[in-house]
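FYI, the numbering for the sequence shown is 354 to 660, going by my numbering.
Note that CB positions come from ideal geometry on N, CA and C, so glycine has one too.
This structure is a prediction, so every number in the text was calculated from the model and none was measured.
Shown next, in structure tokens, is the structure this report addresses.
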Amino acid sequence: MYFFEDIIAKEAKSFGMRCYAGFSIIDFDTPEMKAEHLLPECEKFVKKWKDDEIVKPVVAPHSTYTCSPETLEKANEIAGKYDTFIHIHCSETRKEVYDVLNRYGSRPLEQIKKYGLLTSKTMLAHCGWITKGEVKEIAKAKACVIHNPVSNMKLATGGYTPLPELMSEKACIALGTDGAASNNKLDMFETMKFTALIHKHHRWDASIVKAQEVLDMATINAAEFLGLNAGSIEEGKFADIICLDKISPNLIPRHNIISHLVYAASGFNVSDVVINGKAIMLDKKFMNINEEKVYEEAEEAKEELIE
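Take a look at the structure:
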């Protein structure tokens, strides 16, 4: 979820990237448009992209502390009308929990459930301050928790998404990076590593959250939640594949490949990318974009923003 989501969707489509694009809804003006236009523009966005092959629209009310009950209800109506996924922040910080509790008399997840947003098509970002009872509610609803450990540590949110409890209840857990402002690198390999380490450290248990479990969170868990026939290399599944350069100092000697992927690999090791059967990167070179031009435009945009 972010602003200017239609532009993001267009660029993802042009690039050939599989994308679930969340149109942000919030109760104040954004860099893109006035608050009163967000809900109707969200519906237009959903209608425009709902039948696309690789770009899928997502209704994304930001959170229960930035969206009123009325806004949450209307967002849910749009999602229900077009049968789309919902993305919403939930209990990211302790302050959020108490602010929502003081304002509405209920916790963030209760608000989400109250207005119909807790479903099997709901992505719950963060969940660092959810209770054991809420873990059961999430599992029962078959919603998916998106764990963002790097962002949470940079922002010092203090709470840890309770992965062991969620796993015990067989709840869906997937991984995310959050935005560049709170992550910088946006490297899913780094996210996997921190996912494993943060919970081992927090629980004083080196055996908790195993490498294979973390790899599944980054791949097949998300694919299954989204209903995508992807997430693992199997006959009949979509050809969404990355290859890593095995001749890399951080990946030698090659002994336990799963452990290497979670604890040693980096996005910089990726050599080839295939999405939906189409080669997007080969031998670390993008096939359909001018990298140097993109870098130049990014630097120019930075200067404009600073001014």
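Short of 8 Å from the beta carbon of R456, and not among the five residues preceding or following it, lie these beta carbons of its own chain, in chain order: Y418. The count of Cβ pairs closer than 8 Å, one atom from the stretch 479-489 and one from the stretch 432-447, reaches three, so the stretches are in contact. Y435 sits in a helix when the DSSP states are folded into three classes. Here P384 is not bridged, per DSSP, to any residue. One alpha carbon belongs to H500, the other to A527, and they sit about 6 Å apart.
H500 is bridged by DSSP to L528. For Q565, the number of other beta carbons within 10 angstroms of its own is below 16, and it is reported as exposed.
With fewer than 16 neighbouring CB atoms inside 10 Å of its own CB, I659 falls in the exposed class. Collapsing the DSSP output to three states places A654 in a helix. Taking the CA atoms as reference points, V626 sits about 13 Å from I586.
When DSSP reads this structure, F376 sits in a beta bridge with Y355, V412.
Annotated three-state conformation of F542 is helix, per DSSP. When the alpha-carbon of M476 is set against those of V450, G469, F438, D452, the nearest one is in F438.
Between K434 and E396, the C-beta gap is smaller than 9 Å, which places the two residues in contact. As far as DSSP is concerned, F547 takes part in no beta bridge. Ranked by Cα distance from K637, the options V623, I628, E650, E657 are led by V623. Taking 8 Å as the upper bound for CB-CB distance, A524 and A492 are in contact here, some 4 Å apart.
H390 counts as exposed, since fewer than 16 other C-beta atoms from the protein chains shown sit within 10 angstroms of its C-beta.
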